[in-house]
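Residue numbering for the sequence shown is 3 to 195, as defined by the numbering used here. Glycine included, C-beta positions come from ideal geometry on N, C-alpha and C. It should be emphasised that the depicted structure is a prediction, and the values quoted were computed from it without experimental measurement.
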Amino acid sequence: MGIVSGFNLYEFLGMVLAIFYLILAIRQNILCWYAAFISSAIYLFVFYQANLYMEALLQLFYAMVAIYGWRQWKYNEKNEDKKISTLDYKTHFLLILLILMLTLIVGFYINNFQEELPYLDSFTTIAAIFTTFMVAKKILENWIYWAIIDTISIYIYFQKELYLTTFLFLFYLVLVFIGYRSWKKSWKLQLIK
3 MGIVSGFNLY
13 EFLGMVLAIF
23 YLILAIRQNI
33 LCWYAAFISS
43 AIYLFVFYQA
53 NLYMEALLQL
63 FYAMVAIYGW
73 RQWKYNEKNE
83 DKKISTLDYK
93 THFLLILLIL
103 MLTLIVGFYI
113 NNFQEELPYL
123 DSFTTIAAIF
133 TTFMVAKKIL
143 ENWIYWAIID
153 TISIYIYFQK
163 ELYLTTFLFL
173 FYLVLVFIGY
183 RSWKKSWKLQ
193 LIK
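Here it is as structure tokens:
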């Protein structure tokens, strides 16, 4: 698998491309979607080899989102600036309840495949799918969800000795706090207008 003295070349390449994705996305450069797609393909392999099947499945979802994002940026000439919104407490409660119920169901199912962390892996995957749609809808609280998802992911990746990915998610965690502050500031400015 390319492991030499604890160094996984595939994991390293996936991490580098994920960082390029973030940098290019911040700059609104369409090449970010290429980096996202290739990074997802590499991480699909890395997570499958680490017996993190739900994380591997999540990479398929991210690869599809990369194709969708590229098409949106390439062919959406209007690219209108969508306003940031928030969800009420009832919607959050129902969303969290749905995520937890699906986590229990999927975790129970994948436990049959000798998954080492079936419930944590299921939770991060299911929550990430819902949270990705929150990002697409520009819902402010997506950053809070990502903070929880990334924190649990850090634990999972560290346990699986995916140290470069652990570092990547520590970096993501920093960006989550920066993103939340930035979006909250924009949201407050929207309220004043």
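Under DSSP, I141 forms a beta bridge with S87. Distance between M17 and S41, taken at the CA atoms: about 7 Å. DSSP, read as helix, strand or coil, puts N31 in coil. In the three-state reduction of the DSSP assignment, N10 falls in the strand class. In summary, N114 is exposed, with fewer than 16 beta-carbon neighbours lying within 10 Å of its beta-carbon over all protein chains present.
Sixteen is the threshold: when 16 or more other Cβ atoms of the shown chains lie within 10 Å of the Cβ of K162, as they do, the residue is buried. The way I'd put it, the segment 47-62 doesn't touch the segment 88-98; fewer than three beta-carbon pairs between them come closer than 8 Å.
If you draw a 10 Å sphere on the C-beta of L62, you find fewer than 16 other C-beta atoms in it, and that means exposed. For F115, no alpha helix (DSSP H) segment is defined, and its DSSP state is neither H nor E. The segment 130-137 and the segment 147-163 touch, with three or more beta-carbon pairs separated by less than 8 Å. Residue environment analysis places V108 among the buried positions, since at least 16 neighbouring C-beta atoms fall within 10 angstroms of its C-beta. In the structure shown, E163 adopts coil according to DSSP, grouped into three states. Using a Cβ-Cβ distance cut-off of 8 Å, the segment 163-170 and the segment 178-193 are not in contact, since fewer than three pairs of beta carbons, one from each stretch, lie closer than that value.
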